[in-house]
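Residue numbers (the numbering used here): 12 to 199.
No residue lacks a Cβ here, since even glycine has one placed at the ideal position from N, Cα and C.
Scroll down for the structure; my scribbles are underneath it.
Okay, structure coming up:
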């Protein structure tokens, strides 16, 4: 992949297919893939349908390659990490948007994007670049505490105090299906 340009289409099966490159569309794809509401095959199908503008024109034989190109685009070519999950786009987005906006010098939500015509917006790679450079902020504090806790490292007294006051923000919430939620409610 050419990392000096911002792709708006990906090659699958020797053909170029337009993608929804805006950060909002990509986060939708990530949330679909992390959903507990669907079976695995449903997740992949729905995610690809959101990601590729003309998904219906991709031959079924190329679905696996389409999925691989999608993942490569989303991860910006980085291999999956094997460590514990330290963030959730669904849970943490409200803490991510402010520092990314500050890094870019403009509120990321102000970039108008039309998913129907696939025009405008803020490219996912531009969003990711700002995410990687966000520096010291509330979200970096959340990640620091999560990382220490995931490795079993002790928190110093100020971190421990901060964690106790902000536990709801720091702890990753489990995602349950509707049936699991109902069962938990019955148990409670």
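Ranking 45, 162, 156, 68 by CA distance to the CA of residue 168 puts 156 first.
Separation of residue 160 and residue 183 (C-alpha to C-alpha, rounded to the nearest whole angstrom) is 12 Å. Residue 57 is not a Cβ neighbour of residue 38, given a cutoff of 9 Å. Counting along the chain, the unbroken alpha helix (DSSP H) around residue 80 starts and ends at 74 to 85.
Selection 85, 114, 101 evaluated against residue 146 yields 114 as nearest (Cα-Cα). Of the candidates 20, 31, 22, 18, 31 places its Cα closest to the Cα of residue 127.
Under the 8 Å Cβ criterion, the segment 18 to 28 counts as touching the segment 61 to 73, having at least three qualifying pairs. Here residue 174 is buried, its C-beta having at least 16 other C-beta atoms within 10 Å.
Beta-bridge annotation (DSSP): residue 36 is not paired with any residue.
DSSP, read as helix, strand or coil, puts residue 46 in coil. Per DSSP, reduced to three states, the secondary structure at residue 144 is coil, with no helix or strand assignment. Counting only residues of its own chain and dropping the five nearest sequence neighbours on each side, residue 170 has a CB closer than 8 Å to the CB of 155, 156, 159.
Counting the other CB atoms within 10 Å of its CB gives residue 36 a total of 16 or more, which places it among the buried residues. Contact between residue 150 and residue 106 holds, since their C-beta atoms are separated by about 4 Å, short of 8 Å. The segment 108 to 169 is shown to contain no whole beta strand (DSSP E) run of 3 or more residues.
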